[in-house]
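First residue of the sequence shown: 1221, per the numbering used here; consecutive thereafter.
Glycine included, every Cβ here is placed at the ideal spot set by N, Cα and C.
The model shown is predicted, which means the values in this text are computed figures rather than measured ones.
One structure is given below, encoded as structure tokens.
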Amino acid sequence: MGLRKVDALKARILKHNSTCQVVTLPRLLEIEALDEFCSFLIGVDLVVLSADPPNAFELMAEIQKKISTPVINAGYLGRLGAIGPMFFPDSNLGFDVLAKNMDIECSELRYTINKNYQAPSYGPLNYLVSSICAHEVIKYVCGDSRFLHNKRLFINLDNYEVAVYDYISDEILLEHSNVFPSQDNLHDFDIVAEHYVTSREVDSLNEILLNDIVNNLLIEGCYRASLDIGCGIGTYSRVLECCSDMVVGIDTNQKMLDRSRKLGEATEYLEIDINEYKTDMLFDCIVLSLVLDHICEYQKCIEKVATLAQRGAKILCIPLIQLKILVFLVLIKKLS
């Protein structure tokens, strides 16, 4: 208390290492201080940007042009920790790409992840973001490692999933954890099937928060043909029966489908993977409830959904992983 953040930081660093030379610049990152920042940063090996004024990326782009120094960013996207990208002066990309996120040529995905950026603030996630960013700095300074060159790493503390966004290819590169059973071993799903059935049939957050919202979204329409992908025990298939001429529910778990058939006979239930499903029919309503969270080749799944959807169809996707729904929305729009 009573000290600027940079001065408090300097004191803490010197407390740990009195031989370290710490120089501070007590200025906000703003257009009026641009020349001061350029002079201050000349000669440094790497700049870490964690400021979040609305024009931070734009100002850093101007600074980087003048000092020819690599810059790495660290902060947040909503509840996700974000480390990177690391941009170099000789790269085809720079922080001007992040600054111009309103440009029509920038993808919706890039626009979204840049618009919602904010600097570190949340304690536990802050330590992870800061530590990983510091690790990237050490690797670069000591060995010229450039893992996050033109890339941004995301960390989801809710389920500990991680993903990497590539600014060159404009896509999410996902590293899958083992939080969910492997789709290659369908017996894994049998193990949790009975517990899943029980949890869906008693009062739960699904019943309180999710089902009413989804039900209202579905029954507000009238459909010729509806498809419930990953239908499980048929919770949403039975809702679709009320507003569809015909309903098809598909899932890879036989035990859940057996339960679905007992609870409702109007839906045609098929034990099959979505990518193996073949039909000449087009659907005007498609539901994917927690499907993308269980598959690795989710882009292939999205492309398959696009081939099954009638023009103007309603597609309702319910994911756990925020980044996957981001990619889902962008790809569906591109494929439509």
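Secondary structure at L1572, three-state DSSP: helix, strand or coil? Here the chain comprises residues numbered 1221 to 1556, so residue 1572 is not present and cannot be evaluated.
Residues that M1306 bridges to, as DSSP identifies them: Here residue 1306 is taken as the residue at index 86 of the sequence shown, counted from 1. Its beta-bridge partners are I1292, H1369.
Beta-carbon proximity of Y1489 to G1469, cut-off 9 Å: In the sequence shown, counting from the first residue as 1, residue 1489 sits at position 269. In the sequence shown, counting from the first residue as 1, residue 1469 sits at position 249. Cβ distance < 9 Å, so Y1489 and G1469 count as in contact.
Would you list the residues sitting across from D1448 in a DSSP beta bridge? The residue given as residue 1448 occupies position 228 in the sequence shown. In the DSSP output, where bridge partners are listed per residue, D1448 has G1469, V1507.
Below 8 Å, how does it come out for the region 1502-1513 and the region 1475-1486: are there three or more Cβ pairs, yes or no? no
Would you list the residues sitting across from G1301 in a DSSP beta bridge? Mapped onto the sequence shown, residue 1301 falls at position 81. DSSP, once it has assigned bridges, lists Y1296, I1375 as partnering G1301.
So K1371 and G1304 are in contact, right, with Cβ under 8 Å, and what is the actual spacing, rounded? For the purposes of this step, residue 1371 is taken as residue 151 along the sequence shown, with counting starting at 1. For the purposes of this step, residue 1304 is taken as residue 84 along the sequence shown, with counting starting at 1. That belief holds up - the Cβ atoms of K1371 and G1304 are roughly 5 Å apart, short of 8 Å.
Where F1400 and V1511 are concerned, what is the direct C-alpha to C-alpha distance, given to the nearest angstrom? If you number the sequence shown from 1, residue 1400 lands on position 180. If you number the sequence shown from 1, residue 1511 lands on position 291. For F1400, the pLDDT reaches just 40, beneath the cut-off of 50, and the residue's location in the model is therefore unreliable, leaving the point undetermined.
Kindly identify the DSSP beta-bridge partner or partners of V1268. In the sequence shown, counting from the first residue as 1, residue 1268 sits at position 48. Paired residue(s): I1292.
Let me check understanding here. Comparing Cα to Cα, which of D1448, V1264, K1225 lies closest to R1557? A query on residue 1557 cannot be resolved here, the shown segment of the chain reaching from 1221 to 1556 and no further.
What does the Cβ neighbour count give for R1479, buried or exposed, with the cut at 16 atoms within 10 Å? Along the sequence shown, read from residue 1 onward, the residue named residue 1479 stands at position 259. Buried, because 16 or more other Cβ atoms sit within 10 Å of the Cβ of R1479.
Local Cβ density within 10 Å of N1398, reported as buried at 16 or more and exposed below that: Counting from one through the sequence shown, the residue named residue 1398 turns up at place 178. In this prediction, N1398 has a pLDDT of 38, which is less than 50 and means its spatial position is unreliable; nothing more can be read from the coordinates.
Rounded distance between the beta-carbons of L1536 and I1449, thought under 8 Å: For the purposes of this step, residue 1449 is identified with residue 229 of the sequence shown, where counting begins at 1. For the purposes of this step, residue 1536 is identified with residue 316 of the sequence shown, where counting begins at 1. So it is not a contact: roughly 10 Å between Cβ atoms.
Give me the Cα-Cα distance between I1324 and Y1387, rounded to the nearest whole angstrom. Numbered from 1 along the sequence shown, position 104 holds the residue referred to as residue 1324. Numbered from 1 along the sequence shown, position 167 holds the residue referred to as residue 1387. Unreliable positioning characterises I1324 in this predicted model, as indicated by a pLDDT of 41, which lies under 50. The coordinate reading is nonetheless provided below. One C-alpha to the other measures close to 16 Å.
Give me the residue from D1265, G1314, D1310, V1264 with the minimum Cα distance to E1282. Here residue 1282 corresponds to residue number 62 of the sequence shown, with the count starting at 1. Closest by alpha carbon: G1314.
Between S1457 and the rest of its own chain, which residues show a CB-CB distance below 6 Å, the 5 nearest in sequence each way excluded? By one-based count along the sequence shown, residue 1457 stands at place 237. D1448, C1451, V1467, G1469, T1487, listed in sequence order.
CA-to-CA distance, H1236 to N1275, given in whole angstroms: Here residue 1275 corresponds to residue number 55 of the sequence shown, with the count starting at 1. Here residue 1236 corresponds to residue number 16 of the sequence shown, with the count starting at 1. Roughly 34 Å separates the two Cα atoms.
In the DSSP assignment, the alpha helix (DSSP H) including I1162 goes from what residue to what residue? No statement about residue 1162 is possible, as the shown extent of the chain runs from 1221 to 1556 and does not include it.
Is it true that the CB of V1459 sits closer than 9 Å to the CB of I1494? Taking the sequence shown and counting its residues from 1, the one referred to as residue 1494 is at position 274. Taking the sequence shown and counting its residues from 1, the one referred to as residue 1459 is at position 239. No, these two residues do not count as a Cβ contact at 9 Å.
Per-residue burial, Q1284 [other beta carbons within 10 Å of its own, 16 or more giving buried]: As a working mapping, residue 1284 is identified with position 64 in the sequence shown. By the neighbour-count rule (16 or more Cβ atoms within 10 Å), Q1284 is buried.
Option in V1384, L1261, A1294 with minimal Cα separation from F1277: Here the question's residue 1277 lines up with position 57 in the sequence shown. When only C-alpha atoms are compared, the closest one is A1294.
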